[in-house]
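Residue 1331 is where the sequence shown ends in our numbering, and the numbering goes up by one at each step.
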Amino acid sequence: MIVMEKPWNSFLYEEIPEGGILVIGIPDVGLVGPISTSHLVKMWKLQSVGYFDSPDLPPVILFHDATPLMPMRLYGGYKGNDYVLVLHSDVAIPPQSIHSLASFVVNFSLEKKLRRVFLLGGIAVQERLNIETPKTYAVSVDRNLLLYAQERGVEPLREGFIGGAYAPDTEGGLQGEDPRASPALRVLPQLPRPGRVRLHTPGFLEDHRVQRRHTTTA
């Protein structure tokens, strides 16, 4: 009998509290997503709480401080009274796996009863080398989330399109699966500038620092 492997699996070192917030950073234009989530993990001192894995991911193991790391990791911690879960990926998602990952993230979010999901990504712009101050835009099928972003100084993306790993997530929201917000930072699409990403991303999400509690070091 042939046993079919699941497209995606989650492995958790500890339980994820209900009602948390998920922040996702996957490589796309300008590597905005992983640069942002890497910075947030360090700034908020989040702990390793698990990882996602798939047979379709590149066979890569990373090392940091002599410790092996899976390429698609979960970090968690408290930001005030909110539990923040960060999904950080060091590798690009293969095109054939994008739709299955989107469905898996939606199901994972519903199963863990996460109340809000942020997808951090970039958008390409003309004359990018002349941009001194990049802008931040929000994309969502949920008007309340767009209002939430506007109250924090982030305007909605009024014209344009979303492609790549985040497009199926937005499509899922349109089909009524799970609305989500997606702040897209206006940065260089092929020449990442970490300082600029760090300058703008935390301002959208942060009201106060993360307070670590009820977390363990993996």
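Glycine residues also receive a C-beta, built at the ideal position from the N, C-alpha and C atoms.
Is the beta carbon of residue 1146 less than 8 Å from the beta carbon of residue 1195?
No.
Using three-state DSSP, classify residue 1164 as helix, strand or coil.
The answer is strand: DSSP assigns residue 1164 an E or B state.
For residue 1174, is the classification buried or exposed, using 16 other Cβ atoms within 10 angstroms of its Cβ as the cut-off for buried?
By the neighbour-count rule (16 or more Cβ atoms within 10 Å), residue 1174 is not buried but exposed.
Considering only residues of the stretch 1157-1233, which uninterrupted beta strand (DSSP E) runs meet the minimum length of 3 residues and lie entirely inside it, listed in chain order?
Counting only runs of 3 or more, we get 1160-1166, 1175-1177, 1180-1182, 1185-1192 and 1195-1202.
Which first and last residues belong to the beta strand (DSSP E) in which residue 1102 is found?
The chain is shown from 1114 up to 1331; residue 1102 falls before or after that span and cannot be answered.
Measuring straight from C-alpha to C-alpha, what distance separates residue 1305 and residue 1259?
Bear in mind that a pLDDT of 46 at residue 1305, under 50, signals an unreliable position, so the number given afterwards is only what the model happens to contain. Approximately 26 Å, taken between the alpha carbons.
Less than 8 Å separating the beta-carbons of residue 1154 and residue 1199?
For residue 1154 and residue 1199, yes; Cβs fall inside 8 Å.
Per the DSSP calculation, residue 1138 is bridged to which residue(s)?
Paired residues: 1201 and 1233.
For residue 1200 and chain C, any beta-carbon pair shorter than 8 Å?
The displayed structure is made up of one protein chain only, and chain C is not part of it.
Express the C-alpha separation of residue 1156 and residue 1177 in angstroms, rounding to a whole number.
Roughly 17 Å separates the two Cα atoms.
Using the Cα positions of residue 1123 and residue 1165, report the straight-line distance between them to the nearest angstrom.
Answer to the nearest angstrom: the Cα atoms are 5 Å apart.
Could you tell me whether the Cβ atoms of residue 1204 and residue 1184 are closer together than 8 Å?
Yes; because the gap between Cβ atoms is below 8 Å, this pair is in contact.
Which residues in the same chain as residue 1188 place their Cβ atom closer than 7 Å to its Cβ, once the five residues preceding and following it in sequence are excluded?
So the list reads 1154, 1159, 1160, 1161, 1162, 1199 and 1201, once near-sequence residues are dropped.
Give me the residue from 1152, 1128 and 1135 with the minimum Cα distance to residue 1222.
Out of 1152, 1128 and 1135, 1135 has the C-alpha closest to the C-alpha of residue 1222.
Ordered along the chain, which non-local residues of its own chain (more than five positions away) have a Cβ less than 6 Å from that of residue 1225?
Here the set comprises 1129.
Checking the sheet assignment: what are the DSSP bridge partners for residue 1269?
BP columns for residue 1269 point to 1251.
Ordered along the chain, which non-local residues of its own chain (more than five positions away) have a Cβ less than 6 Å from that of residue 1207?
1169, listed in sequence order.
Less than 8 Å between the C-beta atoms of residue 1250 and residue 1267, yes or no?
Contact: yes.
Measure from the alpha carbon of residue 1265 to the alpha carbon of each residue in 1257, 1212 and 1271, then state which is nearest.
For the residues 1257, 1212 and 1271, the minimum Cα distance to residue 1265 belongs to 1257.
Going by C-alpha to C-alpha distance, which of 1167, 1228, 1192 and 1127 sits closest to residue 1358?
With the chain running from 1114 to 1331 in the structure shown, residue 1358 is simply not present.
If I measure Cβ to Cβ from residue 1137 and keep anything under 6 Å in the same chain, skipping five residues before and after, which residues do I get?
Cβ within range, chain order: 1200 and 1232.
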